[in-house]
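J.:
Protein chains: 2
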Amino acid sequence: MVFLKQQYEEKVVARNNQTVTLHGMVHALRDMGGITFLTLRTRKGLIQCVCTDKSALDGVSEGCAVAASGMWRIEPRAPGGRELTDASITVLSRPAAPAPVPLARKKLDLHLDTELGLRPVVLRTPRQQAVFRIQAGICRAFREFLQSREFTEVHTPKIVHAGAEGGANIFRLDYFGRKAFLAQSPQFYKQTMVGVFERVYEVGPVFRAEKHATQRHLNEYTSLDFEMGYIDSFADVMEMEQGFLQYAMELLKSQYAADLALLGVELPDVERIPAVRFDEIKALAAEKYGYSIRDPYDLEPEEEHAIGRYAREEWGSDFVFVTHYPSKKRPFYAMDDPADPKFTLSFDLLFRGLEVTTGGQRIHDYAAQVEKMERLGMDPAEFESYLMIHKYGMPPHGGLGIGLERLTMQLCGLDNIRRACLFPRDRTRLEP
Amino acid sequence: MVFLKQQYEEKVVARNNQTVTLHGMVHALRDMGGITFLTLRTRKGLIQCVCTDKSALDGVSEGCAVAASGMWRIEPRAPGGRELTDASITVLSRPAAPAPVPLARKKLDLHLDTELGLRPVVLRTPRQQAVFRIQAGICRAFREFLQSREFTEVHTPKIVHAGAEGGANIFRLDYFGRKAFLAQSPQFYKQTMVGVFERVYEVGPVFRAEKHATQRHLNEYTSLDFEMGYIDSFADVMEMEQGFLQYAMELLKSQYAADLALLGVELPDVERIPAVRFDEIKALAAEKYGYSIRDPYDLEPEEEHAIGRYAREEWGSDFVFVTHYPSKKRPFYAMDDPADPKFTLSFDLLFRGLEVTTGGQRIHDYAAQVEKMERLGMDPAEFESYLMIHKYGMPPHGGLGIGLERLTMQLCGLDNIRRACLFPRDRTRLEP
Chain A
1 MVFLKQQYEE KVVARNNQTV TLHGMVHALR DMGGITFLTL RTRKGLIQCV
51 CTDKSALDGV SEGCAVAASG MWRIEPRAPG GRELTDASIT VLSRPAAPAP
101 VPLARKKLDL HLDTELGLRP VVLRTPRQQA VFRIQAGICR AFREFLQSRE
151 FTEVHTPKIV HAGAEGGANI FRLDYFGRKA FLAQSPQFYK QTMVGVFERV
201 YEVGPVFRAE KHATQRHLNE YTSLDFEMGY IDSFADVMEM EQGFLQYAME
251 LLKSQYAADL ALLGVELPDV ERIPAVRFDE IKALAAEKYG YSIRDPYDLE
301 PEEEHAIGRY AREEWGSDFV FVTHYPSKKR PFYAMDDPAD PKFTLSFDLL
351 FRGLEVTTGG QRIHDYAAQV EKMERLGMDP AEFESYLMIH KYGMPPHGGL
401 GIGLERLTMQ LCGLDNIRRA CLFPRDRTRL EP
Chain B
1 MVFLKQQYEE KVVARNNQTV TLHGMVHALR DMGGITFLTL RTRKGLIQCV
51 CTDKSALDGV SEGCAVAASG MWRIEPRAPG GRELTDASIT VLSRPAAPAP
101 VPLARKKLDL HLDTELGLRP VVLRTPRQQA VFRIQAGICR AFREFLQSRE
151 FTEVHTPKIV HAGAEGGANI FRLDYFGRKA FLAQSPQFYK QTMVGVFERV
201 YEVGPVFRAE KHATQRHLNE YTSLDFEMGY IDSFADVMEM EQGFLQYAME
251 LLKSQYAADL ALLGVELPDV ERIPAVRFDE IKALAAEKYG YSIRDPYDLE
301 PEEEHAIGRY AREEWGSDFV FVTHYPSKKR PFYAMDDPAD PKFTLSFDLL
351 FRGLEVTTGG QRIHDYAAQV EKMERLGMDP AEFESYLMIH KYGMPPHGGL
401 GIGLERLTMQ LCGLDNIRRA CLFPRDRTRL EP
């Protein structure tokens with residue numbers, strides 16, 4: 001038996017003009033005659049190592065994992081403002097083959113299928129790293145903001161006995177001889193947890209068996225969900241989301257500046273997000289851009305795009321809340337507007353012309369929920385454990401779900417949602 | 001169109017001797033003659049409201065969601081050291097039926113099946129809330145600690161084309177006509193992401209189709225995974241875990257004291273965790289407690305228990321790392337010990353006699369990984385996209401997976417893992 005060391009110590013604390021050993025993978029090697037520049041890919045980003053002694057580079061090639069020892073210098077002329085000089089290199093591991101694409105090139109411009117097929121390697125490029133660091137930053141902001149607002153994190157099951165969204169777009173599996181499904185959203189569970197903690201959030205996977213093959217659909221994605229009690233109206237939910245977005249943009253600006261700069265991301269202004277009724281904005285956009293409305297109950301992709309453009313041009317905002325969606329298109333737990341039950345107390349948030357959030361107020365009264373289910377031809381008995389929360393008392397409440405990949409895609413200006421997902425799942429893609 | 005309010009404002013900021021309005025559900029009502037004590041269940045915990053005016057309580061019953069207006073007082077004699085006096089109550093919603101169990105009772109002592117069947121309501125009791133607040137605290141500690149150590153959060157797919165653990169214990173589903181599986185762990189993906197970010201973590205669901213019906217198995221659970229590059233040995237991974245546990249216990253002590261006190265939880269000492277070889281501790285425990293070893297390649301539950309007891313009695317520790325597991329029992333990506341390839345450079349962490357973590361060093365060399373797969377009768381071609389990372393270069397690396405529910409269960413002294421999972425999934429349970 002041995003005891004572990006009492007405190008975990010990081011191996012590298014680099015100070016100016018000190019000898020240090022860094023670890024990383026050889027990203028690029030440039031022989032300039034008497035001097036060789038070795039770019040090291042580390043968890044702190046790319047670091048330039050300057051090697052004057054050729055023999056210190058024996059057997060070193062791109063793709064090797066190495067330890068680089070040398071003098072750490074704050075050097076404004078070096079990329080990133082720092083470098084390792086007089087570097088000597090120890091190889092820790094070697095690749096079996098050179099990378100299939102030139103990872104050190106500024107932009108790869110690969111065909112999407114090629115890129116996704118080679119994802120495990122292509123992700124090693126700085127631009128791809130930047131996308132997913134920003135994505136991690138969004139998640140971090142979501143949790144930090146909600147925690148400061150006294151939300152409690154929950155983990156709810158992904159194997160379920162009934163879908164929250166209904167319909168055919170649900171994956172089925174055999175669960176020890178019983179029929180089960182993959183959760184389309186944590187809806188029932190997060191509502192349940194409002195009865196417990198009042199305010200809850202969850203960051204987790206959701207599954208949609210949609211046969212889409214579009215640039216904005218995935219069959220598995222990460223949903224940022226929250227749900228809160230004691231709302232006066234669904235405006236409370238929208239304001240909470242606006243608060244999150246404000247916090248997120250501040251966090252990205254202060255902590256992820258290098259990643260934003262690399263991708264040329266301009267952060268949106270989220271000081272005051274406009275909110276407009278579904279029927280109102282539909283008419284406004286159609287009138288301004290001279291098209292006719294085809295589907296009065298939903299927004300088509302082109303319409304979302306037009307509304308995004310309208311919000312940008314008329315109200316100077318990259319975001320716009322579209323409120324009061326038709327009841328026909330919202331699920332059974334959505335609360336109808338007492339002023340006009342053809343519409344619901346609900347909203348979508350569009351970001352640069354793409355829906356990134358769906359939310360609203362939920363029915364909390366037992367009789368009202370049972371009545372609506374029956375009106376829609378559903379059998380309340382099948383939802384007994386969900387209806388327990390209404391039966392034994394629920395506060396007025398509402399919440400939302402944000403598509404993490406969609407938010408990342410729009411923020412980073414990507415042309416396909418698959419580029420905003422580490423290992424995307426679509427109709428034909430199950431690996432890597 | 002309207003603009004949202006610029007800043008989200010919380011509705012309640014309670015100060016001593018100020019009139020405030022609180023929201024919550026009526027947890028208990030005690031009529032003491034001229035005075036009525038109403039206990040409000042809020043997201044800040046239970047708050048006692050003192051009502052002297054009976055008419056202010058008209059129609060109020062347990063299970064109602066209410067707004068309570070009154071004078072906020074710091075009052076050391078009240079439960080929690082604060083109360084709302086001269087309270088008047090507005091009912092926001094009413095239950096359709098009284099709760100099926102007395103939620104205000106200190107301990108419910110329900111049969112497990114009854115408790116799980118009524119979970120949506122039973123979770124509203126303070127003891128259950130405490131368990132899951134502590135669980136949220138563990139997750140928070142995991143992320144905060146790893147973030148401070150420059151780990152990046154990742155989200156990897158749960159629908160996969162091959163299982164990381166192999167074997168029959170995997171859920172199958174139909175994926176648009178193709179065979180797919182639910183991920184048993186994020187193993188392949190977190191290793192892949194070491195090649196990208198060097199240090200990564202993920203908190204997410206994993207799925208095991210095990211036919212167990214034990215007190216310590218779930219078919220879906222939350223796994224806290226991390227993976228790190230440039231390790232000198234798997235001791236680096238164990239030290240990182242010890243660092244996390246130290247951080248977690250400090251965070252719980254400072255931020256979750258009321259929950260710990262309510263459950264009577266004594267936090268374990270994690271200053272120095274002992275590490276001992278698998279074969280060594282097996283022999284030591286068997287000798288000390290006088291039993292014979294039945295399975296030389298694995299630890300049976302009773303043996304884990306004995307080892308936990310041994311670590312407590314001999315080394316004063318609730319935790320013990322058991323290292324160098326036999327290669328036979330570890331997956332194909334585990335690195336064998338060059339000193340004796342019958343064993344692996346791996347470990348489990350036992351907490352009070354129960355395995356809560358499995359980890360170790362992974363093979364990073366392409367040829368070595370292919371060779372081991374072939375030796376085990378696997379076809380490397382089936383793992384082409386995974387092997388890409390080895391082929392194009394990987395640093396020495398290792399990592400672990402922690403079972404969140406097991407850690408919660410052992411910490412809170414629960415007798416069944418189902419009590420440490422909001423909505424457990426076992427062989428017979430698919431709802432709530």
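Protein sequences, first through last, are from chains A and B.
Under this note's numbering, the first residue of the first sequence carries the number 1, and numbering increases by one thereafter.
Under this note's numbering, the first residue of the second sequence carries the number 1, and numbering increases by one thereafter.
Note that CB positions come from ideal geometry on N, CA and C, so glycine has one too.
All of these numbers come straight from a predicted model, not from anything done at the bench.
Classify B/E227 as helix, strand or coil using the three-state DSSP reduction.
T.: As a first step, residue 227 of chain B must be located in the second sequence, where it is residue number 227. It is a strand residue.
J.: Here's the rule I'm using: 16 or more other beta-carbon atoms within 10 Å means buried, otherwise exposed. How should A/R15 be labelled?
T.: Taking the first sequence and counting its residues from 1, one reaches residue 15 of chain A at position 15. Under this definition A/R15 is an exposed residue.
J.: Measuring CA to CA, which of A/C51, A/P76, A/D58 is closest to A/G70?
T.: Residue 70 of chain A sits at position 70 when you count from the first residue of the first sequence. The residue with the shortest Cα to Cα distance from A/G70 is A/C51.
J.: Rounding to the nearest angstrom, what Cα-Cα distance links B/A261 and B/F226 in this structure?
T.: For the purposes of this step, residue 261 of chain B is identified with residue 261 of the second sequence, where counting begins at 1. For the purposes of this step, residue 226 of chain B is identified with residue 226 of the second sequence, where counting begins at 1. Distance between the alpha carbons of B/A261 and B/F226 is about 30 Å.
J.: For a contact meaning CB atoms closer than 9 Å, what does A/P395 contact in chain B?
T.: Reading the first sequence from its first residue, position 395 is the one you call residue 395 of chain A. Within 9 Å Cβ-Cβ: H23, G24, M25, A65, V66, L92, S93.
J.: Which chain A residues sit within Cβ distance under 7 Å of B/K5?
T.: Locating residue 5 of chain B in the second sequence gives position 5, where the first residue counts as 1. Near B/K5 (Cβ distances below 7 Å), the residues of chain A are E239.
J.: Given B/G243, which residues of its chain have a CB within under 8 Å of its CB, disregarding the five upstream and five downstream residues?
T.: Here residue 243 of chain B is taken as the residue at index 243 of the second sequence, counted from 1. F145, R149.
J.: What whole-angstrom Cβ distance do A/I134 and A/C421 have, given they're in contact under 8 Å?
T.: Taking the first sequence and counting its residues from 1, one reaches residue 134 of chain A at position 134. Taking the first sequence and counting its residues from 1, one reaches residue 421 of chain A at position 421. In fact, because the Cβ distance is near 13 Å, the residues do not count as touching under 8 Å.
J.: Which chain A residues sit within Cβ distance under 9 Å of B/Q129?
T.: Residue mapping note: residue 129 of chain B aligns to position 129 of the second sequence, counting from 1. In chain order: T152, V196, F197.
J.: Out of curiosity, what's the CA-to-CA distance linking B/D109 and A/F197?
T.: As a working mapping, residue 109 of chain B is identified with position 109 in the second sequence. As a working mapping, residue 197 of chain A is identified with position 197 in the first sequence. Going from the Cα of B/D109 to the Cα of A/F197 covers about 21 Å.
J.: Provide the residue span of the alpha helix (DSSP H) that contains B/H305, from first to last.
T.: One-based indexing of the second sequence puts residue 305 of chain B at position 305. For B/H305, the enclosing alpha helix (DSSP H) stretches over residues 301-315.
J.: Looking at chain A, which residues of the region 38-60 of chain B have a Cβ within less than 9 Å of any of its Cβ atoms?
T.: R41, T42, R43, K44
J.: With a threshold of 7 Å on Cβ separation, who are the neighbours of B/M238 within its own chain once the five nearest residues in sequence on each side are excluded?
T.: Along the second sequence, read from residue 1 onward, the residue named residue 238 of chain B stands at position 238. Answer for B/M238: A275, F321, F347, listed in chain order.
J.: Against chain A, with Cβ distances strictly below 9 Å, would B/A285 count as a contact?
T.: Along the second sequence, read from residue 1 onward, the residue named residue 285 of chain B stands at position 285. With 9 Å as the cut-off, B/A285 does not count as an interface residue toward chain A.
J.: Taking 8 Å as the threshold, find out whether the region 114-131 of chain A comes into contact with the region 90-104 of chain A through three or more Cβ pairs.
T.: yes
J.: Using only the alpha-carbon positions, how far apart do B/F142 and B/L400 sit?
T.: Position 142 of the second sequence holds residue 142 of chain B. Position 400 of the second sequence holds residue 400 of chain B. Near 13 Å, if we compare the C-alpha coordinates of B/L400 and B/F142.
J.: Let me know if B/D318 comes out buried or exposed under the rule of 16 or more other beta-carbons within 10 Å of its beta-carbon.
T.: As a working mapping, residue 318 of chain B is identified with position 318 in the second sequence. Buried.
J.: Taking C-alpha atoms, which residue in A/G45, A/T39, A/Q215, A/R77 lies nearest to A/G63?
T.: Your numbering for residue 63 of chain A matches position 63 in the first sequence. Of the candidates A/G45, A/T39, A/Q215, A/R77, the one whose C-alpha sits nearest the C-alpha of A/G63 is A/T39.
J.: When the cut-off is 9 Å and only beta carbons count, does B/T428 lie next to chain A?
T.: Sequence index remark: in the second sequence, residue 428 of chain B carries index 428 (1-based). It does: the Cβ of B/T428 has a partner Cβ on chain A nearer than 9 Å.
J.: Give me the Cβ distance between A/R406 and A/N219, rounded to the nearest whole Å; I'm assuming they're in contact under 8 Å.
T.: Locating residue 406 of chain A in the first sequence gives position 406, where the first residue counts as 1. Locating residue 219 of chain A in the first sequence gives position 219, where the first residue counts as 1. So it is not a contact: roughly 14 Å between Cβ atoms.
J.: Which of the residues in the region 321-352 of chain B, read from start to end, lie with their CB under 8 Å from any CB of chain A?
T.: F321
J.: Taking beta-carbon pairs under 7 Å, can you tell me which members of the region 354-370 of chain A lie near chain B?
T.: Per Cβ criterion, the list reads H364, D365, Y366, A367.
J.: Would you say the beta carbon of A/Y291 is closer than 8 Å to some non-hydrogen atom of the ligand FAD?
T.: For the ligand FAD, the structure offers nothing, since it holds no ligand at all.
J.: Run the CB neighbour count on A/T19, radius 10 Å, all protein chains shown included, and call it buried at 16 or more, exposed below.
T.: Position 19 of the first sequence, counted from the start, is the residue given in the question as residue 19 of chain A. The residue is exposed, with fewer than 16 neighbouring Cβ atoms inside 10 Å.
J.: So is A/F132 in contact with chain B if we call contact Cβ pairs under 9 Å?
T.: For the purposes of this step, residue 132 of chain A is taken as the residue at position 132 of the first sequence. So, interface residue.
J.: Give the straight-line distance between the Cα atoms of A/R330 and A/V194, rounded to the nearest whole angstrom.
T.: The residue you call residue 330 of chain A lines up with position 330 of the first sequence. The residue you call residue 194 of chain A lines up with position 194 of the first sequence. Rounded to whole angstroms, A/R330 to A/V194 spans 21 Å at the Cα level.
J.: Quick one: using the 10 Å Cβ neighbour count with 16 as the cut-off for buried, is A/V114 buried or exposed?
T.: Position 114 of the first sequence, counted from the start, is the residue given in the question as residue 114 of chain A. In the sequence on display, residue 114 of chain A carries Thr and not Val. Result: exposed.
J.: Strictly below 8 Å CB to CB, what residues from chain B border A/G204?
T.: Residue mapping note: residue 204 of chain A aligns to position 204 of the first sequence, counting from 1. In chain order: G204, P205.
J.: When burial is assigned at 16 or more other CB atoms within 10 Å of the CB, is B/K391 buried or exposed?
T.: As a working note, residue 391 of chain B is residue 391 in the second sequence. By the 10 Å Cβ count, B/K391 comes out buried.
J.: Quick one: which chain A residues come within Cβ less than 9 Å of B/Q18?
T.: In the second sequence, the residue the question calls residue 18 of chain B occupies position 18. Neighbours of B/Q18 on chain A: none; closest Cβ ~19 Å, over 9 Å.
J.: Under a three-way DSSP split, which group does B/D318 fall into?
T.: In the second sequence, the residue the question calls residue 318 of chain B occupies position 318. Looking at B/D318 - three-state DSSP - the assignment turns out to be coil, as it is neither helix nor strand.
J.: Taking three-plus beta-carbon pairs below 8 Å as touching, is the region 356-367 of chain A in contact with the region 297-312 of chain A?
T.: no
J.: Nearest-angstrom Cα distance between A/F207 and A/G81?
T.: Your numbering for residue 207 of chain A matches position 207 in the first sequence. Your numbering for residue 81 of chain A matches position 81 in the first sequence. The straight-line gap from Cα to Cα measures roughly 44 Å.
J.: By DSSP's criteria, A/I159 is part of a beta bridge. Which residues make up the other side?
T.: Mapped onto the first sequence, residue 159 of chain A falls at position 159. According to DSSP, A/I159 bridges with A/L182.
J.: Could you tell me whether any Cβ in chain A is nearer than 9 Å to the Cβ of B/G290?
T.: As a first step, residue 290 of chain B is located in the second sequence; it is residue number 290 there, counting from the start. Judged by the 9 Å Cβ criterion, B/G290 is not in contact with chain A.
J.: When we look at the beta-carbon of B/S55 and count the other beta-carbons within 10 Å, is it buried (16 or more) or exposed?
T.: Within the second sequence, numbered from 1, the residue matching residue 55 of chain B stands at position 55. So B/S55 counts as exposed.
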